[in-house]
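Taking it in order: structure first as structure tokens, then the write-up.
2 protein chains.
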Amino acid sequence: MGKVRVAGFAVSLDGFGAGPDQSLEQPLGLRGPELHNWFYPTRTFRTMIGQPGGTEGVDDDFARRSMEGFGAFILGRNMFGPVRGDWPDESWKGWWGDDPPYHAPTFILTRHARAPIVMEGGTTFHFVTDGIEAALAQARAAAGDLDVKIGGGVSTVRQYLEAGAIDELHLVMSPVLLGRGEALFAGIDLPGLGYRVTEMVPSDSATHVVLAR
Amino acid sequence: MGKVRVAGFAVSLDGFGAGPDQSLEQPLGLRGPELHNWFYPTRTFRTMIGQPGGTEGVDDDFARRSMEGFGAFILGRNMFGPVRGDWPDESWKGWWGDDPPYHAPTFILTRHARAPIVMEGGTTFHFVTDGIEAALAQARAAAGDLDVKIGGGVSTVRQYLEAGAIDELHLVMSPVLLGRGEALFAGIDLPGLGYRVTEMVPSDSATHVVLAR
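Structural data, given as structure tokens:
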């Protein structure tokens, strides 16, 4: 059985994994995009958006690692879209266009049932209404020997951390202060849950840290 | 007039500037000493404790910078010692022996009056009972054109941050998880107070970050 991992998850110096006031126009919250300044220049990201070129090196290595080896993904509903409450219709299909970057079964946590959506490139969105444990069981079954990625957002990562379900986290400590937003670790005792720092690799734009247990 | 600075202040990945359960035996709290693993091997620290040798490079450069250019220091009472409430006698003179590493007037925030203590090497401990603003005014007067260092601990740094009194902070992001302890920034909106990241320099053992406004 594969591992359950968080990867490529950026955190501000003051501990926020997303900015405040998320919306259709600001899916990462105010100033949230600055968390990912390490990622945009990489070859991995540019390939993802169909552009040539991009940087190689530490950031690109971690960017590639953060999307490799996964047989299924789990996303919180707010990471899937800005819609709250019941789905008004079937029109919202994620932020990522017709060919999302997952290329595997992707399970969306929600309280509001919806039929699966088959996208291009191997991504199918499944909507799970019976909780994080059920979603993880389905994702594990879909992933087989590959890993399951907890894609985010902050609330979803926190729930799986508190449930003791995550084997490894790759965090990107970005040199930015957000001031407000969603705090990733507030109130969570990581060493108490068995985590320790197993890797720390700086780049010019961030510090990559791996936590495992 | 000099600046008011925090320097060489280590923070865990989960945001703690000291461990929990501080005591005479554990002045930095449980596992708090691990925050400072970047510092102990440096030539600057070894010189401070009268030992030869030590590392040079990024960590030593920042260690030296963190003690240079200051004409006065401000410390919270818990950083000065484990005594709480009234001073039982005059015996406690800090954690640092006869020749503390300050070599300048050092103002201790406390509600309990006490006569100044003249130590060896230029350090005099002054006990200030009328608040952080009064302590800063006295420290500025003592420092002249030199800078004032807010030495810590966490509570003292937070009080001066919230008062808008700090010009610059050098933080050392240490690759350690504490889980519990004193959170440095929780509830403080640093960009709202005008701070931004002006410097980020990795070493093998930590990431040095400078915040200024």
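These protein sequence lines are chains A and B, in that order. Residues 69 to 281 in the working numbering are what the first sequence lists, from first letter to last. Residues 69 to 281 in the working numbering are what the second sequence lists, from first letter to last. Glycine included, every Cβ here is placed at the ideal spot set by N, Cα and C. Given the structure is predicted, the values throughout are model-derived calculations rather than measurements.
Report task. Can you have a look at B:D82 and say buried or exposed, based on whether 16 or more other CB atoms are within 10 angstroms of its CB? Result -> Residue numbering aside, residue 82 of chain B sits at position 14 when the second sequence is read from its first letter. Counting Cβ neighbours within 10 Å, B:D82 comes out buried, since at least 16 surround it.
Quiz item: Is it the case that the Cβ atoms of B:T174 and B:F193 are separated by a distance below 7 Å?
Solution: Here residue 174 of chain B refers to the residue found at position 106 of the second sequence. Here residue 193 of chain B refers to the residue found at position 125 of the second sequence. A contact, by the Cβ cut-off of 7 Å.
Could you round the C-beta distance between A:A211 and A:A140 to whole angstroms and report it? I think they count as a contact, below 8 Å.
Counting from 1 along the first sequence, the entry for residue 211 of chain A is found at position 143. Counting from 1 along the first sequence, the entry for residue 140 of chain A is found at position 72. 4 Å between Cβ atoms; contact.
Open item on the list: Residues of chain A with CB closer than 9 Å to the CB of B:R248, please, in chain order.
Closed with: Residue 248 of chain B sits at position 180 when you count from the first residue of the second sequence. Scanning chain A for C-beta atoms nearer than 9 Å to the C-beta of B:R248 yields D257, P259, G260, reported in chain order.
*Going along the chain, which residues of the segment 127 to 148 of chain B sit with their C-beta nearer than 9 Å to a C-beta in chain A?*
Residues passing the 9 Å Cβ filter: none.
Residues of its chain near A:G220, where Cβ-Cβ distance is below 6 Å and the 5 sequence neighbours each way are ignored = Sequence index remark: in the first sequence, residue 220 of chain A carries index 152 (1-based). Around A:G220: M147.
Query - Minimum length 3: unbroken beta strand (DSSP E) runs contained in the segment 99 to 181 of chain B - result: Within the segment 99 to 181 of chain B, the runs of beta strand (DSSP E) that reach at least 3 residues and sit entirely inside it are, in chain order, 138 to 144, 173 to 177.
### Message
Quick check on this structure: which residue in A:M135, A:R133, A:I185 has the alpha carbon closest to the alpha carbon of A:D157?
### Response
On the first sequence, residue 157 of chain A is found 89 positions in, with the first residue counted as 1. Ranked by Cα distance from A:D157, the options A:M135, A:R133, A:I185 are led by A:I185.
At least 3 beta-carbon pairs within less than 8 Å: the segment 263 to 274 of chain A vs the segment 234 to 246 of chain A: Using a C-beta cut-off of 8 Å, the segment 263 to 274 of chain A makes contact with the segment 234 to 246 of chain A, since at least three inter-stretch Cβ pairs fall below that distance.
### Message
Against A:A254, what residues of chain B qualify as contacts under a CB-to-CB distance less than 7 Å, listed in chain order?
### Response
By 1-based counting over the first sequence, the position of residue 254 of chain A is 186. By Cβ distance, chain B contributes A254.
Q. Would you say B:D235 faces chain A, with C-beta separation under 7 Å as the test?
A. As a first step, residue 235 of chain B is located in the second sequence; it is residue number 167 there, counting from the start. No, B:D235 lies away from the interface with chain A (no Cβ there is under 7 Å from its Cβ).
Q) Residues of chain A with a CB under 7 Å from the CB of B:Y263: which are they? A) Stepping through the second sequence from its first residue, residue 263 of chain B is reached at position 195. Neighbourhood of B:Y263 in chain A, by CB distance below 7 Å: L245, in chain order.
> Of all the CB atoms in chain B, is at least one closer than 7 Å to the CB of A:P88?
Replying inline: Position 20 of the first sequence holds residue 88 of chain A. Taking 7 Å as the threshold, the shortest C-beta distance from A:P88 to chain B does not fall below it.
Worksheet item: Does A:P109 get closer than 7 Å to chain B when you measure Cβ to Cβ?
Response: Residue numbering aside, residue 109 of chain A sits at position 41 when the first sequence is read from its first letter. So, not an interface residue.
Chain B residues whose Cβ lies nearer than 7 Å to that of A:P270 = Taking the first sequence and counting its residues from 1, one reaches residue 270 of chain A at position 202. Chain-order list of chain B residues neighbouring A:P270: P270, T275, by C-beta distance under 7 Å.
Can you pull the chain B residues whose beta carbon is under 8 Å from the beta carbon of A:M241, in chain order? Along the first sequence, one-based indexing puts residue 241 of chain A at 173. Ordered by position in chain B, the residues that pass the 8 Å Cβ test against A:M241 are L81, M241, T275.
message: Using a Cβ distance threshold of 8 Å, determine whether the segment 242 to 262 of chain B contacts the segment 200 to 214 of chain B, with at least three qualifying pairs required.
response: Flag = no, the segment 242 to 262 of chain B and the segment 200 to 214 of chain B do not touch.
Within 10 Å of its beta-carbon, does A:P120 have 16 or more other beta-carbons around it, so buried, or fewer, so exposed? On the first sequence, position 52 is the one that residue 120 of chain A refers to. A:P120 is exposed by the Cβ-count criterion.
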